[in-house]
Amino acid sequence: MERVYIQDMSKHVNQQVRVKGWLFNKRGSGKIHFLIVRDGTGFMQAVASLADVGEETFELLKGVTQESSLEVEGLVRKDERAPGGYELLVSRAAVFQFAGEYPISLKEHGVDFLMQYRHLWLRTPRQHAVMRVRAEVIRACREFLDNNGFLLIDAPVLTPSACEGTTTLFETDYFGDKAYLTQSGQLYMEAAAMAFGKVYCFGPVFRAEKSKTRRHLMEFWMVEPEMAFVELDESLCIQEEMVSYVVSQVLKNRKPELKTLERDVSPLEKVLPPFPRITYSDALEILKKHGVELAWGDDFGGGDETILANEFDRPVFVTRYPTRSKAFYMKPDPANPEVVLCADLLAPEGYGEVIGGGQRIDDPKLIRRRLEEHKLPDEAYRWYVDLRDYGSVPHSGFGLGIERLVAWICGLDHVRETSPFPRMLYRIYP
Ligand code: 4AD
Ligand code: MG
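Sequential numbering from -14 applies to the sequence shown in my numbering.
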């Protein structure tokens, strides 16, 4: 008898099949058991009647506990009322292992409790939906870049240098030398862009940020495109095309998951280019109108980003932040060197910054001066300066944080649920 995955059940109506999986839930009476079986691809009702399966199997199923592993065989029937639209009329069943008393019941638990059991929490429909949206987001990002002439180049995880400031580095010993877990693949992508033109990396990055907000993780995944001969404005066009593409792919391919998450999709349907662009100074004005007085040079907090985003019905670019508040590699605006040619993309509905990026310094003298000003060691950045000495060109890039993008698309109130095993402040278990 053929083993069939629940997601493929529609192709097996009126056939005998075998399903291997776990017991998600069960109810029944003296003569019939209704088992909800899950196999990783879906959830399906299996109906076992005493008359069909015989006394022995019926007793076995009576004792089967939540999350026991099992296989069931029987006839597939189309049934509009069944969850998923199909049900299995069981003729035979076997249990691989009877699960012990399961810590996660189907009632509500607090998030702290669930995080302690993250390895089991992942088995529930809501978490399935989030992980499937995450996979779709990653697939769509990569598809967009692959189809638009970007070459995938992997960046190293162990590095001798900092990209995003020296205060958030995870340090490790590298045979007697100091090394760090990467904060961003950007610097290596700049080297790769000078070799291949348009490139991107996709991988985990690490920030030892003592922030306990709903937008911060210690470890997250970033897509980082980098482009030679591309200036800030062109980079923004590519970003809005990419974000719109990703959102449209999720809307198209992950409808049932968005429904499980009870996501109102109408704000997502508005995500189409062009996205509005405002400068940092414009943003200060908007905040002022809302009673938030920031001095020129101050950074925006999460609440400020929400106020700004609420002014628009789609993601908004905030460009040209003060030079002194930004990373060493950012190119000053030739029209006003007090600001840099950078942009953050703020997501709607209070999800904050999902992309950070900009144009990079291409002048060898200026990059040397900046490294000095930021007290970054010559030795570790020599190769980076080489990129300006040997055929320097204007170039730009950006980093898109996968977890924040997924949190926004799914409508989650915290990024932690977007990661299968999130690393948070004071949590590295499981
Ligand atoms: O703005 P960031 O720090 O930019 C960079 O790292 C650049 N080097 C990227 C580049 O230009 N290639 O980070 C980029 C994005 C943010 O917009 C946000 O989406 C995400 O990474 N991010 C985080 N996500 C989760 N937890 C954190 N602690 C994050 N920090 C940044
Ligand atoms: Mg940023």
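No residue lacks a Cβ here, since even glycine has one placed at the ideal position from N, Cα and C.
None of the values given here were measured: they were computed from a predicted structure.
State the Cα-Cα distance for the pair residue i and residue j, rounded to the nearest angstrom.
i, j, result
"I416", "I263", "The structure shown does not extend to residue 416, since the chain is modelled only from -14 to 415, so the question has no answer here."
"L331", "M315", "19 Å"
"F28", "Y(-10)", "10 Å"
"T157", "E65", "57 Å"
"L60", "F285", "60 Å"
"M(-6)", "Y71", "7 Å"
"S310", "D283", "8 Å"
"P322", "Y306", "11 Å"
"Y102", "R412", "12 Å"
"E56", "R(-12)", "10 Å"
"N(-1)", "R62", "6 Å"
"S266", "E278", "12 Å"
"E40", "A78", "12 Å"
"G335", "H399", "11 Å"
"D374", "L385", "29 Å"
"A416", "T151", "The structure shown does not extend to residue 416, since the chain is modelled only from -14 through 415, so no value can be given for it."
"T26", "W368", "47 Å"
"A268", "N295", "12 Å"
Below 7 Å CB to CB, which residues in the same chain sit around residue i once its five sequence neighbours on both sides are set aside?
i, result
"K255", "D298, R299"
"I123", "I387"
"T144", "A164, Y165, T167"
"D139", "C186, G188"
"C222", "none"
"A114", "E242, T245, L246"
"R239", "R117, V118, E121"
Helix, strand or coil: how does DSSP classify residue i here?
i, result
"A312", "coil"
"M227", "helix"
"W368", "helix"
"I263", "strand"
"S(-5)", "helix"
"M203", "coil"
"L143", "strand"
"D284", "coil"
"Y173", "helix"
"D374", "helix"
"T26", "coil"
"M100", "helix"
"D318", "strand"
"K273", "helix"
"K237", "helix"
"C126", "helix"
Quick one: residues in its chain with C-beta nearer than 6 Å to the C-beta of residue i, no 5 flanking neighbours on either side, listed in chain order?
i, result
"D249", "none"
"W206", "P189, I387"
"G6", "V22, R23, D24"
Report the residue from the options whose alpha carbon sits nearest the alpha carbon of residue i.
i, options, result
"P407", "I21, G15, V96", "V96"
"S14", "K197, D329, K47, I21", "K47"
"T109", "E225, P141, E402", "E402"
"S34", "S54, E58, E209", "E58"
"I89", "V80, C327, L99", "L99"
"F313", "P319, L172, V231", "L172"
"L73", "L20, L390, T50, L136", "L20"
"L326", "N295, P252, G382, T153", "G382"
"V208", "G342, A147, E290, P261", "G342"
"E93", "S76, G85, R111", "R111"
Let me see if you follow: with CB-CB separation under 8 Å, is residue i close to chain C or not?
i, result
"D97", "In summary, chain C is missing from the structure at hand, where a single protein chain is found."
Which same chain residues end up closer than 8 Å to residue i when comparing Cβ atoms and leaving out the 5 residues on each side of it in sequence?
i, result
"P68", "I21, F28, M29, Q30"
"I292", "I271, L272, H275, V277"
"V49", "L8, K11, L20, L55, V80, F83"
Discussion item. Beta-carbon distances below 7 Å to any heavy atom of the ligand MG define the shell here; list its residues in chain order, please.
Written reply: Those residues whose C-beta sits under 7 Å from the nearest heavy atom of the ligand MG are, from N- to C-terminal order along the chain, D329, E338, G341.
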